[in-house]
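Chains as they are written, first to last, in the working numbering: chain A, 998 to 1201; chain B, 998 to 1201.
Since the structure comes first, as structure tokens, the remarks are kept for the end.
Protein chains: 2
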Amino acid sequence: MPVPSDTNSPSPYVREKRRKRRDEILHAALQAFRRNGYHATTLEDIARHLGVRSTALYHYFPDKESILYECHQRSLAELDRLMEEARGLDCSAERLSFLIREHVRVMTDTLDGSPLAFEVTALSEEHQQEVISARDRYERELRRTIEDGTSDGEFRPVNSKVAVFAILGAINWIARWYRPEGSLHAAEIGAGFADHLVGGLVAR
Amino acid sequence: MPVPSDTNSPSPYVREKRRKRRDEILHAALQAFRRNGYHATTLEDIARHLGVRSTALYHYFPDKESILYECHQRSLAELDRLMEEARGLDCSAERLSFLIREHVRVMTDTLDGSPLAFEVTALSEEHQQEVISARDRYERELRRTIEDGTSDGEFRPVNSKVAVFAILGAINWIARWYRPEGSLHAAEIGAGFADHLVGGLVAR
DNA sequence: TGAAACGTCGAACATCTATTCAAAATTTTA
DNA sequence: TAAAATTTTGAATAGATGTTCGACGTTTCA
């Protein structure tokens, strides 16, 4: 009868601690990437925010790119969750409005949406493909929502590709100017964007 | 009576040739920056497109940053020109529509608008301040146009800051996805954006 | 056409930064 | 509390790239 053959795995306590540390690193990295971009951010920059040297990061991630990659993965997971939730809404205008508001929230509240605004070209070829696929899925869903709205007569006929680029541009650009300490509060941005961007589509 | 004391200046012919070469360099740099971002673009990348070595570039620009800076300067000059032209339009909706359409054209036709979408933090402190000031001037003008429209009752009351961020985000993001060979043509994008983004503001 | 101006090259340099690794410090665990 | 596991460190390495500079072609122009 086989026994657990590999070395004894870490205790739940240790595993949890490690998970938390990884989260801290990702959060510090996210903020740095957002401010200065991936290439202009050094591992020392990230490590400094954690009170540690850059070499310590290698105990949690194999290299710099994988930090960026995991940032991306989390964002995409968040968007998948949004899409899932949005499917419950019947009215196209409501669904689109919901998606915009929630996407903005993801960009501002946790900053977790930001990676989507980063340059994808910094990722390895395979990771790039994966991220682009997921992003395309999201874009398609948005386009479909707009096209549904047009079919229903809720929205006027528009080029859905162009409309989606406008919406995603507005949202992704948030990563460039939003500062949590600033005068604009997150909810205000979400509501404003939803009104502005959905309002521009509705039939009059 | 003082005579021209310094060394004889280059002939108009030579000066013109040099000007053209600088333009070529700036254009090659612009495209590279757009694709991969400033930091991921090497001087060799830029030089390769011109069939020379990176060291040749130093005859035209003192360093890499100054190439980026001049890209920015040209974009900003272009925006100043737009603002000047737009002042002739009385109706706020028309003025805003014009600005959006023309800004999109600047982003797509010559790609000259792209630098505004680049990370400003790559510039030196002084250049950064200058670019930010010019950008702020543009943003203020857009805000004012929206506020005027609200006063006139053309637009509904909105947070003009939020609205301007949405508009500029949509436009700047073009630098990330637009490819001249792609299926979306420039005019189509400009018209679509103008309709979508102005339409979201008009009172109903 | 030939001297002067101009543009490009190649080598060399300096710096920066991602990454490796063995040793030291710290924390966990029994 | 002491051995084991884990985390961090500091030194060292390697590769990339911005930049300098003198030599070598090429172009301009009188």
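Ideal Cβ placement from N, Cα and C applies to all residues, glycine included.
For clarity, every value in this text was computed on a predicted model and none was experimentally measured.
Check: What is the DSSP secondary structure of F1152 (chain A), reduced to helix, strand or coil?; Outcome: strand
Check: I need the straight-line Cα distance from S1008 (chain A) to K1017 (chain A), nearest angstrom please.; Outcome: 14 angstroms
Check: At a CB-CB cut-off below 8 angstroms, which residues of chain A make contact with V1155 (chain B)?; Outcome: G1189, D1192 and H1193
Check: Taking contact to mean at least 3 C-beta pairs separated by less than 8 angstroms, is the segment 1120-1130 of chain B in contact with the segment 1059-1079 of chain B?; Outcome: yes
Check: Within 8 angstroms (strictly less), CB to CB, does F1152 (chain A) reach chain B?; Outcome: no
Check: Please classify V1199 (chain A): does DSSP put it in a helix, a strand, or coil?; Outcome: strand
Check: Can you find a C-beta in chain B that's less than 8 angstroms from the C-beta of E1116 (chain A)?; Outcome: yes
Check: Taking the alpha carbon of E1021 (chain A) as the reference point, which residue from A:N1033, A:A1053 and A:N1005 has its own alpha carbon closest?; Outcome: A:A1053
Check: Just to check my reading of the structure: L1027 (chain A) and K1061 (chain A) have Cβ atoms closer than 8 angstroms, yes? What is that Cβ distance to the nearest angstrom?; Outcome: With 8 angstroms as the limit, L1027 (chain A) and K1061 (chain A) do not qualify as a contact, their Cβ atoms being about 13 angstroms apart.
Check: Whole angstroms is fine: what's the gap from F1095 (chain A)'s alpha carbon to L1079 (chain A)'s?; Outcome: 9 angstroms
Check: Count the other CB atoms, across all protein chains shown, that sit within 10 Å of the CB of D1149 (chain A); report buried if there are 16 or more and exposed otherwise.; Outcome: exposed
Check: Pairs of beta-carbons, one from the segment 1166-1184 of chain B and one from the segment 1157-1171 of chain A, closer than 8 angstroms: are there three or more?; Outcome: yes
Check: Of all the CB atoms in chain B, is at least one closer than 8 angstroms to the CB of G1146 (chain A)?; Outcome: no
Check: What in chain A is Cβ-close to E1185 (chain B), meaning under 9 angstroms?; Outcome: N1156 and V1159
Check: CB A1090 (chain B) to CB E1151 (chain B), shorter than 8 angstroms?; Outcome: yes
Check: Determine, for L1093 (chain A), whether the minimum Cβ-Cβ distance to residues of chain B falls below 8 angstroms.; Outcome: no
Check: Taking C-beta to C-beta, are G1187 (chain B) and R1098 (chain B) nearer than 8 angstroms?; Outcome: yes
Check: May I ask you to report which of helix, strand or coil DSSP gives V1049 (chain B)?; Outcome: coil
Check: What residues of chain A sit near F1030 (chain B), judged by a beta carbon separation below 7 angstroms?; Outcome: Within 7 angstroms Cβ-Cβ: nothing; F1030 (chain B) doesn't reach chain A, min ~11 angstroms.
Check: Looking at chain A, which residues of the segment 1047-1072 of chain B have a Cβ within less than 7 angstroms of any of its Cβ atoms?; Outcome: none
Check: Cα separation between R1201 (chain A) and R1153 (chain A)?; Outcome: 8 angstroms
Check: Flag this pair as yes or no: are the beta carbons of N1156 (chain A) and E1185 (chain B) separated by less than 8 angstroms?; Outcome: yes
Check: Using 10 angstroms around the beta-carbon of V1011 (chain B), count the other beta-carbons present and answer buried if the total reaches 16, otherwise exposed.; Outcome: exposed
Check: Under 8 angstroms between C-beta atoms, does H1208 (chain B) make it to chain A?; Outcome: Since the first and last residues shown for chain B are 998 and 1201, residue 1208 (chain B) lies out of range.
Check: May I have a chain-ordered list of the alpha helix (DSSP H) segments no shorter than 4 residues that lie completely inside the segment 1006-1052 of chain A?; Outcome: 1009-1033 and 1040-1045
Check: Taking the straight line between their C-alpha atoms, what separation do you get for V1101 (chain B) and I1164 (chain B)?; Outcome: 11 angstroms
Check: Between L1181 (chain B) and chain A, is any beta-carbon pair separated by less than 8 angstroms?; Outcome: yes
Check: Any chance you could list the beta strand (DSSP E) runs of at least 3 consecutive residues sitting entirely within the segment 1048-1129 of chain B, in chain order?; Outcome: none
Check: State buried or exposed for P1112 (chain B), treating a residue as buried only when at least 16 other CB atoms are found within 10 Å of its CB.; Outcome: buried
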